[in-house]
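Below you'll find the structure, written out as structure tokens, and then a few comments.
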Amino acid sequence: MDRSVGPRDGLGAAIIALGILAIAMPFAVERLPTVTSGDQAALVLAGMSILLGLFVVVAGVLSFFIHD
Amino acid sequence: MTAVSVSGPATSRIPLAYVVALVPVAAALNIVGGTINTALGLPTFLDQIGTAVVAITLGPWWGALVGVITNTAGAFVMGPAYVPFALVNVAGALVWGYGVRSLGMGASAPRFFLLNVIVALVNSAVAAPIVVFVFGGATGHSSDVLTAAFAEAGKNLLAASFASSVIVSLADKVITGFVALAIIDALPAELSRGLRLPGPTPNGRLAIAIGGVVIGAALVAVYVFLTPPAPPAA
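For the protein sequence lines, the chains are V and D, in the order given. In this text, residue positions in the first sequence follow this note's numbering: the first is 150, and each later residue adds one. In this text, residue positions in the second sequence follow this note's numbering: the first is 151, and each later residue adds one.
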């Protein structure tokens, strides 16, 4: 069996990975030594979510233009 | 007799076997590079070499996948502070991948050097808000000394973090980009078929890669000599 993959598959894999990163982020932020209170963790998470969201939006937009 | 071109256009489809083989190895290479860098306390990062190799050979989004795997899996080795920087790795993958594959930034050695500089700038733009808002401006990296110096000179923390990140990333990304070029040179030719990369011959490409790494190492040396020594721990 000689399967091949294209840019669309790569984009799909990356979007899934970014989703997994979004899931992993709260657990990571909770354990950061610099984050001392729950309020601060929420603030950090909000900031990271915005940054992560930008990448997911870029990935989503590119999925319309990408061709194999 | 007519000349026959042996290198066709960059093929968009690649065997799945290459992805299955390269992506985990590239992530492991990133983690090993980052761990060695941390152990030696170098003013670099060296955790995007695999990302650059995959982004250039397989495509930018496969490189982004390597970036996310590196920082989430690397958190088990380097600690949870490593996870938020996955976005920096993703940004690097996109710039290297689209830069070489779509914009032809790998066509010559100077253009490839410029691409690495652009990667350093983009990475710093993504990393600076993470360093400031998640870690309060200090991550324990050797560039913290420079950030503190810039902040003392009157810059706000975000600008100071961005400036120190650019200086450190510049040397790091030049080294990373050209080491990646040397690795690509050693991979099967099928992976780089149709890509416009520096060097007329495989040997020429290796020479350019070594030259680039030497320039990057020289930038690191300049950085080490110019930065003030870190204050002794209390």
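The C-beta atom is built at its ideal place from N, Cα and C for all residues, glycine as well. Since we're looking at a predicted model, the values are computed, not measured.
Along the length of the segment 225-294 of chain D, whole alpha helix (DSSP H) runs at least 4 residues long occupy 236-251, 259-285, reported in chain order.
Annotation: Ile206 (chain D) has no Cβ neighbours in chain V at a cutoff of 8 Å; minimum Cβ distance is about 13 Å. DSSP, reduced to helix, strand and coil, places Val216 (chain D) within a helical segment of the structure shown. The beta-carbon distance between Leu170 (chain V) and Ala236 (chain D), rounded to whole angstroms, is 5 Å. This is short enough to meet the 8 Å contact definition. Using a CB distance cut-off of 8 Å, Asp188 (chain V) does not count as an interface residue toward chain D. Interface flag for Leu215 (chain D) against chain V is set, since a Cβ pair is found closer than 8 Å. Near chain V, meaning a CB-to-CB distance below 9 Å, the residues of the segment 165-197 of chain D are Pro165, Leu166, Ala167, Tyr168, Val169, Val173.
Chain V places no beta carbon closer than 8 Å to that of Ala301 (chain D), leaving this residue out of the contacts.
Membership of Ile199 (chain D) in the alpha helix (DSSP H) is indicated by the continuous run 199-207. In terms of Cα proximity to Thr185 (chain D), the closest of D:Ala310, D:Leu166, D:Met228 is D:Met228. Under a criterion of Cβ atoms nearer than 7 Å, the residues of chain D adjacent to Phe204 (chain V) are, in order, Leu237, Val240. At a Cβ-Cβ threshold of 8 Å, Val216 (chain D) and Thr201 (chain D) count as neighbours. Contact with chain D is absent for Val210 (chain V), since none of that chain's Cβ atoms lies less than 8 Å from the residue's Cβ. DSSP, read as helix, strand or coil, puts Ile164 (chain D) in strand.
In the three-state reduction of the DSSP assignment, Ser153 (chain V) falls in the strand class.
The shortest CA-to-CA distance from Gly191 (chain D) to any of D:Asn306, D:Ser258, D:Gly290, D:Ala225 is the one to D:Gly290. Remark: three or more beta-carbon pairs, one from each stretch, lie closer than 8 Å, so the segment 207-222 of chain D and the segment 161-178 of chain V are flagged as touching.
The beta-carbon distance between Ile164 (chain D) and Ser153 (chain V), rounded to whole angstroms, is 6 Å. This is short enough to meet the 8 Å contact definition.
In the DSSP annotation of this structure, Ile215 (chain V) is not part of any alpha helix (DSSP H), being labelled neither H nor E.
Nearest CB-CB separation between Thr222 (chain D) and chain V: below the 8 Å threshold. Using a CB distance cut-off of 8 Å, Ile219 (chain D) counts as an interface residue toward chain V.
Per the coordinates, the alpha-carbon of Leu196 (chain D) lies some 29 Å from the alpha-carbon of Ala303 (chain D).
Within its own chain, the residues whose Cβ lies closer than 8 Å to the Cβ of Val178 (chain V), once the five positions on either side in sequence are excluded, are Val184, Ala190, Val193, Leu194, Met197, listed in chain order. Just measuring C-alpha positions, the residue of D:Phe285, D:Phe263, D:Ala189 sitting nearest Arg180 (chain V) is D:Phe285.
DSSP, read as helix, strand or coil, puts Gly191 (chain D) in coil. The contact set of Ala332 (chain D) on chain V, defined by CB atoms closer than 8 Å, is empty, because the minimum CB distance reaches about 24 Å.
Our two residues, Asn180 (chain D) and Pro174 (chain D), have alpha carbons roughly 10 Å apart in a direct line. Think of a sphere of 8 Å around the beta carbon of Ser153 (chain V): the chain D residues whose beta carbon falls inside it are Arg163, Ile164, Pro165, Leu166, in chain order.
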